[in-house]
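**Q** Numbering (my numbering), first residue to last: 4 to 286.
Got a structure for you, questions after.
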Ligand SMILES: Cc1cc2nc3c(=O)[nH]c(=O)nc-3n(C[C@H](O)[C@H](O)[C@H](O)COP(=O)(O)OP(=O)(O)OC[C@H]3O[C@@H](n4cnc5c(N)ncnc54)[C@H](O)[C@@H]3O)c2cc1C
Ligand code: SF4
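Here you go:
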């Protein structure tokens, strides 16, 4: 049964080194400059780098850029590209896809914007993802199975990432998706010229190779009930996205009011259609 035992404390899963929100500089003016005493020494404050604080995946961007720059050396016998990719994929198992399509809020947060221009973080991410596919890198399998099973409803990027993180912790994961293939809107929304399907397939297969199984053409609520899933698994994780499960919330009618804003990614143009969403657009 998917009940949460009472003695288990829910802890947020995060890859950030410090607390969320602490990438903003503290106001030291009063403590250091306006104070009526002479302790005006520089103060080193540890906080999340702004790039990592702005990345929805919380990737250790400064960590893998330090590897790419040769500051942190890989272990003997491991190429720096692989070492950097392993650091990156601690948080995000889809670097080749994200390097292509993510609108890169990490770059808006980059401190170099104050100097001349941001570091091209998602180009590095893209490169490392490609290198890993070319060199057929795989994820290490967990050493100790937990004996727990988890159902993930929805095989889009959120569900795939959840499956990846859960499988690495030793849980047995089954992804349920109503569509014939995994990938969610990465496959059924984003066109192939932005995300080549061979790249998408390679990054998905690497997650499945961890032992994750996928049950396709299976809609929860129609083909299987939620109660059935709850009975069969120790936990159920919902990653149904914003489009598929709520098709009735979308209107494609000729009379619908066209949206006036474009999605935030380069080349995005939802404005050419008459798409509206009853609850308001997310992008
Ligand atoms: C046309 C288009 C272009 C886009 N372009 C970009 C881009 O360039 N860059 C970018 O960053 N983002 C882009 N996005 C947004 C991006 O694709 C989404 O933010 C992302 O896919 C959301 O991931 P998700 O896993 O939360 O949901 P989804 O990708 O929507 O995945 C949800 C999955 O759940 C399944 N599901 C839903 N309900 C059920 C159910 N009851 N039973 C079983 N399965 C179910 C669906 O079949 C689907 O596979 C675009 C989206 C669209 C539609
Ligand atoms: S481009 Fe990559 S590193 Fe930057 S915000 Fe997106 S996923 Fe994170």
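Using N, Cα and C, we set each Cβ at its ideal position, and we do this for glycine too.
Since the model is a prediction, treat every value here as computed from it, not as a measurement.
Using a Cβ-Cβ cut-off of 6 Å (strictly less than) and excluding sequence neighbours within five positions of residue 205, which residues of its own chain qualify?
**A** As a working note, residue 205 is residue 202 in the chain shown. Only 136 meet the Cβ criterion.
**Q** Could you tell me the distance, in whole angstroms, from the CA atom of residue 132 to the CA atom of residue 60?
**A** Locating residue 132 in the chain shown gives position 129, counting from the first residue. Locating residue 60 in the chain shown gives position 57, counting from the first residue. Whole-angstrom Cα-Cα distance: 15 Å.
**Q** If you draw a straight line from the C-alpha of residue 265 to the C-alpha of residue 245, how long is it?
**A** What you label residue 265 is simply residue 262 of the chain shown in a count that begins at 1. What you label residue 245 is simply residue 242 of the chain shown in a count that begins at 1. Any answer about residue 265 is weak, because its pLDDT of 38 lies below 50 and its placement is not dependable; what the coordinates show is given next. Each residue's Cα considered, the two are about 17 Å apart.
**Q** Is the closest heavy atom of ligand 2 to the C-beta of residue 107 under 7 Å?
**A** Translated into the one-based positions of the chain shown, residue 107 becomes position 104. At least one heavy atom of ligand 2 is nearer than 7 Å to the Cβ of residue 107, so yes.
**Q** Report yes or no: do three or more beta-carbon pairs, one from the segment 98 to 111 and one from the segment 139 to 150, lie closer than 8 Å?
**A** These segments do not touch.
**Q** Would residue 178 be called buried (16 or more neighbouring beta carbons within 10 Å of its own) or exposed?
**A** As a working mapping, residue 178 is identified with position 175 in the chain shown. Counting Cβ neighbours within 10 Å, residue 178 comes out buried, since at least 16 surround it.
**Q** Label residue 79 either buried or exposed according to how many other C-beta atoms from any shown protein chain fall within 10 Å of its C-beta, with 16 as the threshold for buried.
**A** For the purposes of this step, residue 79 is taken as residue 76 along the chain shown, with counting starting at 1. Residue 79 should be labelled exposed.
**Q** So is residue 189 buried or exposed if we call it buried at 16+ other beta carbons inside 10 Å?
**A** In the chain shown, counting from the first residue as 1, residue 189 sits at position 186. Classification of residue 189: buried, given that the 10 Å Cβ count is 16 or more.
**Q** Here's the rule I'm using: 16 or more other beta-carbon atoms within 10 Å means buried, otherwise exposed. How should residue 57 be labelled?
**A** As a working mapping, residue 57 is identified with position 54 in the chain shown. Result: buried.
**Q** Less than 7 Å between the CB of residue 53 and some heavy atom of ligand 2, yes or no?
**A** Within the chain shown, the letter at position 50 stands for residue 53. Checking the Cβ of residue 53 against ligand 2 gives no.
**Q** Start and end of the alpha helix (DSSP H) containing residue 70?
**A** Sequence index remark: in the chain shown, residue 70 carries index 67 (1-based). From DSSP, the alpha helix (DSSP H) with residue 70 extends over 64 to 71.
**Q** What do you get for residue 176, buried or exposed, if any count of 16 or more other CB atoms within 10 angstroms of its CB means buried?
**A** Here residue 176 corresponds to residue number 173 of the chain shown, with the count starting at 1. The residue in question, residue 176, is buried, as its Cβ has 16 or more Cβ neighbours within 10 Å.
**Q** Return yes when the Cβ of residue 163 is within less than 8 Å of the Cβ of residue 96, no when it is not.
**A** One-based indexing of the chain shown puts residue 96 at position 93. One-based indexing of the chain shown puts residue 163 at position 160. Taking 8 Å as the Cβ cut-off, residue 96 and residue 163 qualify as a contacting pair.
**Q** Which residues does DSSP list as the beta-bridge partners of residue 104?
**A** Counting from 1 along the chain shown, the entry for residue 104 is found at position 101. In the DSSP output, where bridge partners are listed per residue, residue 104 has none listed.
**Q** Counting Cβ pairs, one atom from each stretch, are 3 or more of them under 8 Å apart for the segment 209 to 220 and the segment 115 to 132?
**A** Segments in contact, no.
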